[in-house]
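Participant: Below are the structure tokens for one structure; questions will follow.
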Amino acid sequence: MNTVVLILIEVLVVIGGSRLVGWAFRAINQPLVIGEIVAGIALGPSLLGWLAPDIAGALFPVSAIPFLNVLSQIGLIFFMFLIGLELDPKYLRGNLKTAVVTSGVSILVPFSLAGILSLVIYPLVSNDSVSFTAFALFIGAAMSITAFPVLARIITENNLQNTRLGTLALTCAAVDDVTAWCLLAVAIAVTRTNSMAGAVPIIIYSMLYIGAMLTVGRWMLNLLSTYYDRTGKLSQLLLAVIYMAVVSSALITEAIGIHLIFGAFLLGAAMPKNPGLVREIAQKTEDFVLIFLLPVFFAYSGLKTQIGLLNSPELWLLSAAILGVAIVGKYFGTYYAARSCNIDKQEASALGWLMNTRGLTELIVLNIGLELGVISPILFTMLVIMALVTTFMTSPLLEWTYPKKSIRLHSQPEPSELFDDEVPSAQLYSESKPIPTPIGYRILVPVANPNTQTGLLQLATSIAQNDSQSSMVNPLSLIELEEDYLFQSTPFEANRLIDRRLEKLNALIETIEPTGVATETSGEATIFQPIVQIGYDVAQKTAVIAALDRADLVLLGWHRPTFRNNRLGGKVAKMLGTTPADVAVFIDANHDSIAHSYRTLLVPYTANHHDDLAVEIALRMLWNDRHRQLELIQISLPNLNGALSTELTSLIENLPAQISARIKLSTLDAVDPIVKIEEISRRVDLTITGIGRTWGRRKPLLDNFTNKLAIHCVSSLLIVRRYSQFGSHLSFTLDKVIGDT
């Protein structure tokens, strides 16, 4: 087969496989890069070569491996440039003394333990062609490194970037990253000269080049930044000059005697951190590198990973020892150093797990070691397993050690948070003044598109705003990040995205018409307090925030076509199934073209606890606006009496006259009542109905009545699902009724 055709087929398989496995790992809340590394290993002798050796041999013949190596090396050069580009000095602001101590100890302890371990494993997995010094230095660097990009992504996804833990972890990782790369450079120099004395000239040349890059090189790069500011765009010519500089710097460090990747990393680190320039360089570079070149590197690494080599209990025991030393050294080194700097136990423990993240950075180190012959294929496989396990365990152990409630307690509070100690674990922003009393009623409103959901917030206002109870509406916007190493995953860039989304939410809030109801406690209209967070799984994040926020109602927006196949799909279905609060799904018949006050309400009641919730929300809205009217229709279906529950009947009978006078109660006895309900819905603003009696048994489905109503209802429609039998939507009403009686 033609070599070019073969390489293209290999690339096609590699990219497709890395995407599929990466998405699978994202579904279990693991970094996408772990899935991509696993995909690369699966394409090698560890899985594909074991299950189908003929196919593996035809797809990845020995003659094609050098071509994959060239592509992977180019990918690594530009990936390391991106890492240096994103290593902003801002990460070193604040907590620097604590970070230097913690990072130093977190490197020293695993490095020292690795040196001791090397005494044991050197005779077992190495030979006389490699000096013990070079071997120990490589093992030490592999044990002590932290993957800054993966750690930054984990911090951003957990919304820790504005917490003390997140700030400290980023600072420690930045210091750790620079220190570990320096250690690796020394290890490479020692390996290539086979002695520490012979490595001294290489180390001196390297230091001179670093000094030149950080002085003369930075001055020249600042000229590029000035040119960018003057033109306002990153032209192809300017980008070509930068790419040429990346390759030139890589060639210089290779000529010095360390490695190509160091020159690329150094140029990225020396680049002026002009936000616009850095953003454009990253956006124009990373997609091709991350999607095309890095998966090739994973496949190339996978072809050299042979789990089958670990064919005895002794080798697996040795692999476990390496894993144990890596985890224990990094965790306890970080933990005790942090504790010595007066960091509390919980944060110190969480920091220890975060610093154990190794990811792709570890894989780069291991490939260099294997390329130079410092580590054998058996040891390479053991260390790849260590890198995967330590990265895989970070997220669950972080959640176990430092749960979302702790994030809330340790967040730096915004001024608007000071009125209430029950603020959710989110980035909270508010233009309103703090109120002195706790919020009595909360509605959480996930906003998918701030430009099209005016009606959703208008409805939330109509439900929440009350003259007898303080209330709050939290518009929630979650920013989904797709890639592990994407530039927007960096905490500072994520904060910029949060600020931009916040501006859109505030603009949306300004379009909401006040209902004219003032609260007794604050004298102001319903308070809007937007929540903006980074999140991958929207349904899961919404559920967590709803629980921490103690939301009384989660109000979702959706569109009519979703219900035509008798099914609630996608994210809405997940939210209905997992959110620990009452949920309402809103279908806006007006498509947000005008804001409605929802003066006329209709509740078709079929006697189930979801319909009870529909009545409660309708009664709350009725209480909130003295001009609203409610038509409550008790529907008798075959084998089902649609009479109101005893509790609702008693409540309605005891309502004040000015409320009960605006309720029209009637009964509808029909085999198929939809035609009549459709007719009535033409003259009302909003129809409210329960999700259906069958929800508890078949969660993805609406029952037949609700499904037909979703299709045929002419007015706007609110489909509600009750979570708890003890709702709070009418708690203020019950207090008044009991007080009056």
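Quick note on this note's numbering: the sequence shown kicks off at 223 and runs consecutively. Yeah, the Cβ is synthetic: ideal placement off N, Cα and C, and Gly gets one too.
(1) Just checking my contact of residue 307 with residue 500 at CB under 8 Å: how many whole Å lie between their CB atoms?
(2) Residues in its own chain within less than 7 Å of residue 397 by CB, not counting five upstream and five downstream?
(3) Quick one: Cα of residue 549 to Cα of residue 606, how far?
(4) Does DSSP put residue 911 in a helix, in a strand, or in coil?
(5) Take every Cβ of the stretch 348 to 368, pair it with every Cβ of the stretch 581 to 600, and state whether three or more of those distances are shorter than 8 Å.
(6) Go through the stretch 577 to 616 residue by residue and report every complete run of the alpha helix (DSSP H) that reaches 4 residues or more, in order.
(7) Could you check the C-alpha separation between residue 696 and residue 750 for me, to the nearest Å?
(8) Note down the Cα distance separating residue 773 from residue 671, rounded to an integer number of angstroms.
(9) Specify, as a first and last residue, the run of the alpha helix (DSSP H) that residue 974 falls within.
(10) For residue 759, which three-state DSSP category applies?
(11) Could you have a look at residue 722 and say whether DSSP puts it in helix, strand or coil?
(12) So what's residue 250 in DSSP terms, helix, strand or just coil?
(13) Straight-line CA distance for residue 936 to residue 903?
(14) Locate the alpha helix (DSSP H) running through residue 276, then write down its first and last residues.
(15) Pair every Cβ in the stretch 613 to 625 with every Cβ in the stretch 370 to 381, then say whether three or more of these pairs are closer than 8 Å.
(16) Where are the alpha helix (DSSP H) runs, 4 residues long or more, that stay fully inside the stretch 298 to 330, in chain order?
(17) Does the contact criterion of 3 or more C-beta pairs under 8 Å hold for the stretch 565 to 583 versus the stretch 350 to 358?
(18) Where residue 847 and residue 853 are concerned, what is the direct C-alpha to C-alpha distance, given to the nearest angstrom?
(19) With distances taken between CB atoms, is the gap from residue 823 to residue 843 smaller than 8 Å?
(20) Can at least three beta-carbon pairs, one atom from the stretch 269 to 278 and one from the stretch 324 to 342, be found at a separation below 8 Å?
(21) Relative to the alpha-carbon of residue 261, which residue among 525, 281, 419 has its alpha-carbon at the smallest distance?
(22) Touch check for the stretch 282 to 297 and the stretch 546 to 566: three-plus C-beta pairs under 8 Å?
(23) If we ignore side chains and look at the alpha-carbon of each, how far apart do residue 376 and residue 369 end up?
(24) According to the Cβ coordinates, are residue 431 and residue 478 closer than 8 Å?
(25) Among the candidates 868, 515, 443, whose CA atom is the shortest distance from the CA of residue 238?
(26) Name the residue from 878, 686, 887, 759 whose alpha carbon lies nearest to the alpha carbon of residue 950.
(27) Exposed or buried, what is residue 225 when buried is set at 16 or more other beta-carbons lying within 10 Å of its beta-carbon?
(28) If we ignore side chains and look at the alpha-carbon of each, how far apart do residue 700 and residue 756 end up?
(29) Out of 875, 536, 840, state which residue places its alpha-carbon closest to the alpha-carbon of residue 346.
(30) When DSSP labels each residue in this structure, what does residue 664 get in the three-state scheme?
(31) If you count every other CB in all the chains shown that lies within 10 Å of the CB of residue 442, and 16 or more means buried, which is it?
(32) What would DSSP say about residue 740, mapped onto helix, strand or coil?
(33) From which residue to which residue does the alpha helix (DSSP H) around residue 964 run?
(34) Going by alpha carbons, who is nearest to residue 527 out of 866, 229, 934, 270?
(35) Work out the CA separation of residue 851 and residue 880 for me, nearest whole Å.
(36) Taking contact to mean at least 3 C-beta pairs separated by less than 8 Å, is the stretch 566 to 573 in contact with the stretch 503 to 511?
Facilitator: According to the structure shown:
(1) The sequence position of residue 307 within the sequence shown is 85, counting from 1. The sequence position of residue 500 within the sequence shown is 278, counting from 1. About 6 Å; that satisfies the 8 Å criterion.
(2) If you number the sequence shown from 1, residue 397 lands on position 175. These residues qualify, in order along the chain: 321, 322, 325.
(3) On the sequence shown, residue 549 is found 327 positions in, with the first residue counted as 1. On the sequence shown, residue 606 is found 384 positions in, with the first residue counted as 1. Roughly 14 Å between the two C-alpha positions.
(4) Translated into the one-based positions of the sequence shown, residue 911 becomes position 689. Note: residue 911 maps to strand in three-state DSSP.
(5) yes
(6) 581 to 593, 599 to 614
(7) Start at 1 with the first residue of the sequence shown, and residue 696 comes out as number 474. Start at 1 with the first residue of the sequence shown, and residue 750 comes out as number 528. Each residue's alpha carbon lies about 6 Å from the other.
(8) Within the sequence shown, numbered from 1, the residue matching residue 773 stands at position 551. Within the sequence shown, numbered from 1, the residue matching residue 671 stands at position 449. The alpha-carbon atoms of residue 773 and residue 671 are separated by roughly 21 Å.
(9) Limits of the chain in this structure are 223 at one end and 963 at the other, which puts residue 974 out of reach.
(10) Within the sequence shown, numbered from 1, the residue matching residue 759 stands at position 537. In the structure shown, residue 759 sits in coil (DSSP, three-state: anything other than H, G, I, E or B).
(11) Within the sequence shown, residue 722 is the residue found at index 500, counting from 1. Looking at residue 722 - three-state DSSP - the assignment turns out to be helix.
(12) Here residue 250 refers to the residue found at position 28 when the sequence shown is read from its first residue. Correct three-state label for residue 250: coil.
(13) Counting from 1 along the sequence shown, the entry for residue 936 is found at position 714. Counting from 1 along the sequence shown, the entry for residue 903 is found at position 681. Using only the alpha carbons, I get a separation of about 6 Å.
(14) Locating residue 276 in the sequence shown gives position 54, where the first residue counts as 1. Looking at the DSSP string, the run of the alpha helix (DSSP H) that includes residue 276 is 275 to 281.
(15) yes
(16) none
(17) no
(18) The residue given as residue 847 occupies position 625 in the sequence shown. The residue given as residue 853 occupies position 631 in the sequence shown. Each residue's Cα considered, the two are about 15 Å apart.
(19) Position 601 of the sequence shown, counted from the first residue, corresponds to residue 823. Position 621 of the sequence shown, counted from the first residue, corresponds to residue 843. Contact flag set, yes.
(20) no
(21) Reading the sequence shown from its first residue, position 39 is the one you call residue 261. Residue 261 has its Cα closest to that of 525, out of 525, 281, 419.
(22) no
(23) What you label residue 376 is simply residue 154 of the sequence shown in a count that begins at 1. What you label residue 369 is simply residue 147 of the sequence shown in a count that begins at 1. So the two alpha carbons sit approximately 11 Å from each other.
(24) Within the sequence shown, numbered from 1, the residue matching residue 431 stands at position 209. Within the sequence shown, numbered from 1, the residue matching residue 478 stands at position 256. Taking 8 Å as the Cβ cut-off, residue 431 and residue 478 qualify as a contacting pair.
(25) The residue given as residue 238 occupies position 16 in the sequence shown. For residue 238, the nearest C-alpha among the options comes from 515.
(26) Along the sequence shown, one-based indexing puts residue 950 at 728. Of the listed residues, the one whose Cα sits closest to residue 950 is 686.
(27) Position 3 of the sequence shown, counted from the first residue, corresponds to residue 225. Residue 225 should be labelled exposed.
(28) Working through the sequence shown from its first residue, we reach residue 700 at position 478. Working through the sequence shown from its first residue, we reach residue 756 at position 534. Approximately 6 Å, taken between the alpha carbons.
(29) As a first step, residue 346 is located in the sequence shown; it is residue number 124 there, counting from the start. Of the candidates 875, 536, 840, the one whose C-alpha sits nearest the C-alpha of residue 346 is 536.
(30) To locate residue 664, count along the sequence shown from 1; it is residue 442. Residue 664 falls in the strand class under three-state DSSP.
(31) Within the sequence shown, residue 442 is the residue found at index 220, counting from 1. Counting Cβ neighbours within 10 Å, residue 442 comes out exposed, since fewer than 16 surround it.
(32) Numbered from its first residue, the sequence shown carries residue 740 at position 518. Since pLDDT at residue 740 reaches only 42, below the 50 mark, its modelled position is unreliable, and no value is offered.
(33) This structure cannot speak to residue 964, because the chain is shown only from 223 to 963.
(34) Working through the sequence shown from its first residue, we reach residue 527 at position 305. The candidate whose alpha carbon is nearest that of residue 527 is 270.
(35) To locate residue 880, count along the sequence shown from 1; it is residue 658. To locate residue 851, count along the sequence shown from 1; it is residue 629. Their Cα atoms are separated by approximately 11 Å.
(36) no
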